[in-house]
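One structure is given here, and the rest of the page talks about it.
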Amino acid sequence: MNCFHPGSKEITDLAVKLGGFVRGNRILELGCGEGRTIEYLQEKYGLLVTGCDINKDMIKKAKQRNPKLQIRLSDGVSLDFPSLYFDGAIMECSFSLMTRHQELLHELYCILKPGAVLTISDLYMLDPDPQQAKQQYESAISYLNRPREHSDCENETEYPSPFVLDGMFMMDYLQEGLREAGFDLISWEDRTQDLKNYIAQVLMDYGSFDRMWQEALPEGTDPKSICHMTYGKNTGYFLLAAGKGHGHAG
């Protein structure tokens, strides 16, 4: 969501450039929060942006500020849009918060046009322990492939991610997941310095992240719904672009 957005508009501009988005393109933003990126993309680039977010309070706050915003309540998995509808999709610091990553990527594949580009900026682990990363991946895959149970139908069910460890992406596994979902990696770049600059600015402006969450989020919102990670020397930040292939998803 936008209150956690290292790199700010510079990252958004790069995402537009990497995606090749042009005026009139239909773009989906997943995890849009208050909708500030939606407004920016509409005003600067003339894009037709629809947002999705799981937080009702954030959506309410967004529409109070700008009633014209097109935002839907969604968990990011059940995307109720026509097939081959969007020219591109953007996720800014939101994908790592969604646990059903494989399902989401397959949903995106269906609603994006052939050749459309998905851009993701998020946290990643700079140097994951290979054994721990493999164990997380295999454990998650085993859980996700098991026979379904009644408890899986409950909204509160948390699914392990084969791509995330300690709130950060494991890049090798994420890139493999994108490929299996039918996306070809176009570009990947490390933007960890943007994260360092962002943290320094937060501490300068607010004194702590707790204070920032208190002022930025609607009352009653759990900060853990915005960010799961604990920042440390192994925490990195990235921007990638992946294009939907013209064939079938793997």
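Numbering follows my numbering, with no gaps: position 223 of the sequence shown is 212.
We treat Cβ as the ideally placed atom computed from N, Cα and C, and that holds for glycine.
> How long is the line joining the alpha carbons of residue 64 and residue 83, rounded to whole angstroms?
Replying inline: 11 Å
> So residue 227 and residue 194 are in contact, right, with Cβ under 8 Å, and what is the actual spacing, rounded?
Replying inline: Not a contact, Cβ separation roughly 24 Å.
>> By the three-class DSSP mapping on this structure, what secondary structure does residue 61 have?
In response: strand
> How long is the line joining the alpha carbons of residue 121 and residue 131, rounded to whole angstroms?
Replying inline: 15 Å
>> Starting from residue 5, trace the alpha helix (DSSP H) in both directions and tell me its first and last residue.
In response: -3 to 8
>> Taking 8 Å as the cut-off, does the stretch 100 to 110 touch the stretch 52 to 62 (at least 3 CB pairs, one atom from each stretch)?
In response: no
>> Using the three-state DSSP reduction, which class does residue 29 fall into: helix, strand or coil?
In response: helix
> Given residue 155, which residues of its chain have a CB within under 6 Å of its CB, disregarding the five upstream and five downstream residues?
Replying inline: none
> How many angstroms separate the CA atom of residue 291 from the CA atom of residue 4?
Replying inline: The structure shown has nothing for residue 291, since the chain only spans -10 to 239.
>> Buried or exposed, going by whether 16 or more other CB atoms sit within 10 Å of the CB of residue 118?
In response: exposed
>> Using 8 Å for Cβ pairs, my map puts residue 104 next to residue 171. What's the rounded Cβ distance?
In response: Contact flag wrong, Cβ pair sits at about 12 Å.
>> Rounded to the nearest angstrom, what separates residue 273 and residue 75 at their Cα positions?
In response: Summary: the structure shown does not reach residue 273, with the chain confined to residues -10 through 239, and so no result is reported for it.
> Assuming residue 169 contacts residue 88 under a Cβ cut-off of 8 Å, what Cβ separation, rounded to an integer in Å, is found between them?
Replying inline: Actually they do not touch by this definition, with Cβ atoms about 17 Å apart.
> Around the C-beta of residue 44, are 16 or more other C-beta atoms found within 10 angstroms, so that it is buried, or is it exposed?
Replying inline: buried
>> I need the boundaries of the beta strand (DSSP E) containing residue 73, first residue and last residue.
In response: Per DSSP, residue 73 belongs to no beta strand (DSSP E) and is neither H nor E.
> By Cβ distance, which residues of its chain are closer than 6 Å to residue 73, with the 5 residues on each side in sequence left out?
Replying inline: 102
> residue 22 and residue 2: beta carbons closer than 8 Å?
Replying inline: no
> With 16 as the cutoff for other CB atoms within 10 Å, does residue 189 come out buried or exposed?
Replying inline: exposed
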